[in-house]
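For reference, the structure discussed in these notes is given below.
2 protein chains.
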Amino acid sequence: MTAPNLPLPGGDLGLFTDLYELTMSQAFLRQGMSAAATFSLFTRTYPPNRAYFVSAGLEDVLDYLSNLNFSGRAIDYLRATGIFSDDFLEYLRGVRFTGSVRAIPEGRLYFTDEPAVEITAPLIEAQLVETFIINQVNLQSMLATKAARCVWAAQGRGIADFASRRTQGTDAALKMARASYIAGFSSTSNVLAASLYGMPPAGTMAHSFISSFPSELEAFRAYAESFPDRTVLLVDTYDTITGTWNAVRVAKEMETDGQKLMAVRLDSGDFDELSRKVRKILDDSGLDYVKILASGGLDEYELETLVKNGAPIDLFGVGTKAGVSADAPWSDMAYKLVCFDGRPVMKLSPDKVSLPGAKQVFRTKDSGGMFAKDIIALDNEDLPGGLPLLEEVMKDGKRTGPPAKLEEVRNRFQEDFAALDERFKVLNNPPRFPVGISGKLERLTAEVREEVLGINVSDSD
Amino acid sequence: MTAPNLPLPGGDLGLFTDLYELTMSQAFLRQGMSAAATFSLFTRTYPPNRAYFVSAGLEDVLDYLSNLNFSGRAIDYLRATGIFSDDFLEYLRGVRFTGSVRAIPEGRLYFTDEPAVEITAPLIEAQLVETFIINQVNLQSMLATKAARCVWAAQGRGIADFASRRTQGTDAALKMARASYIAGFSSTSNVLAASLYGMPPAGTMAHSFISSFPSELEAFRAYAESFPDRTVLLVDTYDTITGTWNAVRVAKEMETDGQKLMAVRLDSGDFDELSRKVRKILDDSGLDYVKILASGGLDEYELETLVKNGAPIDLFGVGTKAGVSADAPWSDMAYKLVCFDGRPVMKLSPDKVSLPGAKQVFRTKDSGGMFAKDIIALDNEDLPGGLPLLEEVMKDGKRTGPPAKLEEVRNRFQEDFAALDERFKVLNNPPRFPVGISGKLERLTAEVREEVLGINVSDSD
């Protein structure tokens, strides 16, 4: 009963979890702790050079929650570990997610400490799902954020996702395709992702294509023959300039058949210098319609430099460094219990303090429609003039609406990104976007802290 | 017909590929290019601070090749893109991998430029599989290498994989569990990985467990009641020292029932200082049998410092930074055509030159049994005294033997790692292990370069 898009082998969604989710759950069951719990998913600090996050991953979370189960095989495995009691295993066999989810929709921007997702469910159900939820939202938000930085740096030039071969696994490849499309990439090289998500696939030829022919020229001709409408010639296998002249020759041959060479692709060397030389060769040959695509080692920092210097590159293929978010390959996203059985809770571990209670985030705009400030509040507060960001997307274990359409998510991102001041988008050391805490939440935090300290921390330290 | 362990949704292994593998294949088909091709998978340069790689990922490659197919749904999707010809789509419908694979077995150490895998198959089959093969071997070797660094730094103390929540996706979580076990980790928190790979699962409780109870003490007691034989108490939710005193109290209560507290876990703060204080409290309380586990933000650099300073930590839980190989989240692993239809080939792109021809790697040892030097040679060479590293693991599309047993792979790693001089294992700026090229390969490279330049590069640049 695995949902078709869920990236797990064997169909056992329940088992994709940390062992401690299961051992804790057994102890909860034994203690009869079945009351409702709320967990908040949020990121404590910004990775280097980040001042915003792009929400992504919620669709997989909802698919997962809708299909959560432990198969007979899973129960047999757990029994064989010798760790679990029979009554707990029987409980697990019937477990489904029956709770509710409030979340910031995919495509929206959010900031540190703001809950991207809040889960409210019977304690065990809310606990069991932690591992998968962090794994997916952390990855997808991180990749969408990285992609947004690339799109911003490219200043309107198109970008294709070429990352699949170097992402950290197959799941990451699919998620990179989707997340980068949300943030404005135009296409992906990954055919499975294109088919699953309804995105445009992109790609033409590798060096092996060239070298499998006796000469580059023969390879170019063979490709143009197969794809007269969508030929992009890779010109750097032996020498970029000679390759460009071969491409010119083939483009002229195509013209005599009424066809047009679409582009040439640079994949190594100094892109700034080479793109100017290649552009001149193409233009001098009357091929001003042939575009230049560059790929290989590109990230937002490289894109910014090339674009600022005016390198005549029309399209970028972005791979490895974006696909692993190389300059910030992880974030400290956490999933923390904030309320149990009506009692707001928090932890006090050094540098890991959490805010108690179920929450809402209110976004305010200035008179020009630009984001002014966010306020993190309690979920039952109403802040006049603020737009509440968290929406109820699941209730009693069922989605409250149809799955989000990818194009809508992409539009939502564009809308939000346009309303974020440019100073928060700069690639290096952006300032922090102002996020405040409501008076009520501040008071609750102080109260809970005092109570928790009184019960759990002796004065004798 | 997806193999149960393959990490892909929808069962369409064929579609997990870059679009250009398919467009090139159509052009190959049109040109009647069906002769055998050999592709080499190798890494050009070391990521920062690396001087060796641990082979991992081959099992998934062989599973994938054994099950490669394009379903009716996949063909329908490809037809709908409008990119492909009917005859090519019919060809794809019947395509299977019928070639052979020679590879360095999982667990073995290898070095830059050495082919970890060589695929020989009809050109299209060998081309189509590129994306998946790079994706998996790159990821798994990278994670196994990162884990080997952690194991080396821990100097015999146990390490558990706690990375699942922060790996880049679900596939990476499973592969991290397996790769880190190959390199000597003792267990994983990921229950699905433990069940798929037959590894020990590990884990006990999160902060949410503590905070869902009215007090830490009650939480500790509830856990000990459920798991008297395997209780590890997380002591930092509110204050590590107070938490330790609560753990002592529960340990004493357990003793009166004839039970023993297994360990306490530190998850924040200064591990060096806290572990000494906690050790003293435990020892002064007659609890010298209670172990100390530390987790949170650890990587090989932190482990080395803690171990060198003698922090009394018995076990480490290693997560995020190892699970994404944070200091080196990608490598430039490439899959290059080296021979087609009996003709050795190479590319000359700047910084991306490849060595032509199918290859073998010979490893020589010194009189003490330690690795002395590797020689990359042609596959038909025989270097007396050298151990050939690449073994034939698939022939005519069938595995030549049963799947590798994980324990055997783990043993193979230990054997190889013990034979690598310590100077190559240091965490910062290790020297390069000596890798040479045989005379025959050197001559072939010079010949092919000259021929390729003559055909493809004009003098007029």
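As given, the protein sequences belong to chains A and B, one line each in that order. Numbering of the first sequence is given in this note's numbering, commencing with residue 3 and proceeding in unit increments. Numbering of the second sequence is given in this note's numbering, commencing with residue 3 and proceeding in unit increments. Just so you know, even glycine gets a beta-carbon here, dropped at the ideal spot from N, CA and C.
Buried versus exposed, by CB contacts within 10 Å (16 or more), A:R494: For residue 494 of chain A there is no data in the structure shown, the boundaries of chain A being 3 and 463.
Of the residues A:A330, A:I377, A:M348, the one placed nearest A:Y337, counting alpha carbons only: Residue mapping note: residue 337 of chain A aligns to position 335 of the first sequence, counting from 1. The residue with the shortest Cα to Cα distance from A:Y337 is A:M348.
CB contact below 8 Å: B:M3 versus chain A: Reading the second sequence from its first residue, position 1 is the one you call residue 3 of chain B. Bear in mind that a pLDDT of 29 at B:M3, under 50, signals an unreliable position, so the model cannot answer this.
Whole-angstrom C-beta distance between B:T233 and B:L276, which should lie under 8 Å: By 1-based counting over the second sequence, the position of residue 276 of chain B is 274. By 1-based counting over the second sequence, the position of residue 233 of chain B is 231. So it is not a contact: roughly 20 Å between Cβ atoms.
Minimum C-alpha distance to A:V363 - residue among A:M26, A:N431, A:R445, A:L391: Within the first sequence, the letter at position 361 stands for residue 363 of chain A. Between A:V363 and the set A:M26, A:N431, A:R445, A:L391, the nearest pair of CA atoms involves A:L391.
Runs of beta strand (DSSP E) lying entirely within the segment 105-155 of chain A, each at least 3 residues, in chain order: Unbroken beta strand (DSSP E) runs of no fewer than 3 residues, entirely contained in the segment 105-155 of chain A, are found at 119-124, following chain order.
Nearest-angstrom beta carbon gap, B:E394 and B:S102 [assumed within contact, 8 Å]: For this step, residue 102 of chain B is matched to residue 100 along the second sequence. For this step, residue 394 of chain B is matched to residue 392 along the second sequence. Indeed they touch by this definition, with Cβ atoms about 6 Å apart.
Cutoff 7 Å; reference A:E449; Cβ partners in own chain excluding five residues on either side: By one-based count along the first sequence, residue 449 of chain A stands at place 447. Once the five neighbours on either side are set aside, A:E449 has no close Cβ partner at all.
Chain-ordered chain B contacts of A:R168 [CB-CB under 9 Å]: Residue numbering aside, residue 168 of chain A sits at position 166 when the first sequence is read from its first letter. Around A:R168, the beta-carbon contacts reaching into chain B at under 9 Å are I136, N137, N140, L141, W332, S333, D334, M335.
Of the listed residues A:A82, A:L15, A:P107, nearest to A:L408 (C-alpha basis): Taking the first sequence and counting its residues from 1, one reaches residue 408 of chain A at position 406. Sorting A:A82, A:L15, A:P107 by C-alpha distance to the C-alpha of A:L408 places A:P107 at the top.
Beta-carbon proximity check, B:F44 vs B:P124, cutoff 8 Å: Taking the first residue of the second sequence as 1, we reach residue 44 of chain B at position 42. Taking the first residue of the second sequence as 1, we reach residue 124 of chain B at position 122. Cβ distance not < 8 Å, so B:F44 and B:P124 don't count as in contact.
Cβ contact check for the segment 432-443 of chain B and the segment 211-227 of chain A: 3 or more pairs under 8 Å: In this structure the segment 432-443 of chain B does not lie against the segment 211-227 of chain A, because fewer than three pairs of beta carbons, one per stretch, are closer than 8 Å.
Beta strand (DSSP E) segment containing B:R365, residue limits: In the second sequence, the residue the question calls residue 365 of chain B occupies position 363. 361-367 is the span of the beta strand (DSSP E), which, as asked, contains B:R365.
Proximal residues, the segment 405-424 of chain A versus chain B, C-beta separation under 8 Å: From the segment 405-424 of chain A, no residue has a Cβ closer than 8 Å to chain B.
Amino acids of chain B, ordered along the chain, whose beta-carbon sits closer than 7 Å to that of A:I126: Start at 1 with the first residue of the first sequence, and residue 126 of chain A comes out as number 124. Neighbours of A:I126 on chain B: none; closest Cβ ~10 Å, over 7 Å.
Residue burial classification, A:R81 (beta-carbon count within 10 angstroms, cutoff 16): Walking along the first sequence from the start, residue 81 of chain A turns up at place 79. Note on A:R81: under 16 other CB atoms within 10 angstroms of its CB, so exposed under the neighbour-count rule.
C-beta atoms of A:F426 and A:A53 nearer than 8 Å: On the first sequence, residue 426 of chain A is found 424 positions in, with the first residue counted as 1. On the first sequence, residue 53 of chain A is found 51 positions in, with the first residue counted as 1. Yes, Cβ-Cβ distance for A:F426 and A:A53 is below 8 Å.
B:E227: contacting residues in chain E (beta-carbon distance under 9 Å): The structure shown has no chain E; the protein chains it does contain are A and B.
Whole-angstrom C-beta distance between A:L111 and A:L300, which should lie under 8 Å: Walking along the first sequence from the start, residue 300 of chain A turns up at place 298. Walking along the first sequence from the start, residue 111 of chain A turns up at place 109. Taking the Cβ atoms as the reference, A:L300 lies roughly 24 Å from A:L111, outside the contact range of under 8 Å.
Contact between the segment 293-313 of chain A and the segment 28-35 of chain A (3+ Cβ pairs under 8 Å): The segment 293-313 of chain A vs the segment 28-35 of chain A: no contact.
Where A:I439 sits in the DSSP three-state scheme: Residue 439 of chain A sits at position 437 when you count from the first residue of the first sequence. Strand, per DSSP.
Pair within 8 Å by beta-carbon distance, A:A149 and A:A179: The count along the first sequence starts at 1 and reaches residue 149 of chain A at position 147. The count along the first sequence starts at 1 and reaches residue 179 of chain A at position 177. Taking 8 Å as the Cβ cut-off, A:A149 and A:A179 do not qualify as a contacting pair.
Which residues DSSP lists as bridging B:V56, in chain order: Taking the first residue of the second sequence as position 1, residue 56 of chain B is located at position 54. According to DSSP, B:V56 shares a beta bridge with B:L111.
Length of the line joining the Cα atoms of A:T190 and B:V252: Residue numbering aside, residue 190 of chain A sits at position 188 when the first sequence is read from its first letter. Residue numbering aside, residue 252 of chain B sits at position 250 when the second sequence is read from its first letter. A:T190 and B:V252: Cα-Cα distance of roughly 56 Å.
Classification of A:G325 by the beta-carbon crowding that lies within 10 angstroms, buried from 16 upward: Along the first sequence, one-based indexing puts residue 325 of chain A at 323. Buried is the call here.
heavy atom of the ligand ZN below 7 Å from A:K148 C-beta: Ligands are entirely absent from the displayed structure, and the ligand ZN is therefore not among its contents.
Proximal residues to A:D238 (C-beta, below 7 Å), its chain only, five neighbours per side dropped: Sequence index remark: in the first sequence, residue 238 of chain A carries index 236 (1-based). Counting only Cβ-Cβ distances below 7 Å, and skipping sequence neighbours, we find G245, L268, D269, S270, G271.
Buried or exposed by the 16-neighbour rule on C-beta atoms within 10 Å, applied to B:M372: Against the second sequence, residue 372 of chain B aligns to sequence position 370. Flag for B:M372 reads exposed.
A:A196, DSSP secondary structure in three states: Residue 196 of chain A sits at position 194 when you count from the first residue of the first sequence. A:A196: helix per DSSP, three-state reduction.
Partners in chain A for B:N458, counting only beta-carbon separations shorter than 9 Å: Working through the second sequence from its first residue, we reach residue 458 of chain B at position 456. For B:N458, the chain A residues whose C-beta falls within less than 9 Å of its own C-beta are I212, S217, E218, L219, T239, Y240, D241, T244, G245, N248, listed in chain order.
Under 8 Å between C-beta atoms of A:L70 and A:F90: What you label residue 70 of chain A is simply residue 68 of the first sequence in a count that begins at 1. What you label residue 90 of chain A is simply residue 88 of the first sequence in a count that begins at 1. No, Cβ-Cβ distance for A:L70 and A:F90 is not below 8 Å.
6 Å Cβ shell around A:V320 - same chain, five flanking residues per side excluded: For the purposes of this step, residue 320 of chain A is taken as residue 318 along the first sequence, with counting starting at 1. Excluding residues within five positions, the ones whose Cβ falls inside 6 Å are C152, I161, L300.
A:F419 versus A:K367 - alpha carbon distance: Against the first sequence, residue 419 of chain A aligns to sequence position 417. Against the first sequence, residue 367 of chain A aligns to sequence position 365. For A:F419 and A:K367, the distance between alpha carbons rounds to 13 Å.
Min CB distance A:K400 to chain B below 8 Å: In the first sequence, counting from the first residue as 1, residue 400 of chain A sits at position 398. Cβ-Cβ to chain B under 8 Å: no for A:K400.
Test: A:V454 CB closer than 8 Å to a CB of chain B: Within the first sequence, numbered from 1, the residue matching residue 454 of chain A stands at position 452. For A:V454, the answer is yes, since a Cβ of chain B falls inside 8 Å of its Cβ.
Beta-carbon proximity list for B:F467, same chain, < 7 Å, skipping 5 on both sides: Residue numbering for chain B in the displayed model covers 3 to 463; residue 467 of chain B lies beyond these limits and cannot be assessed.
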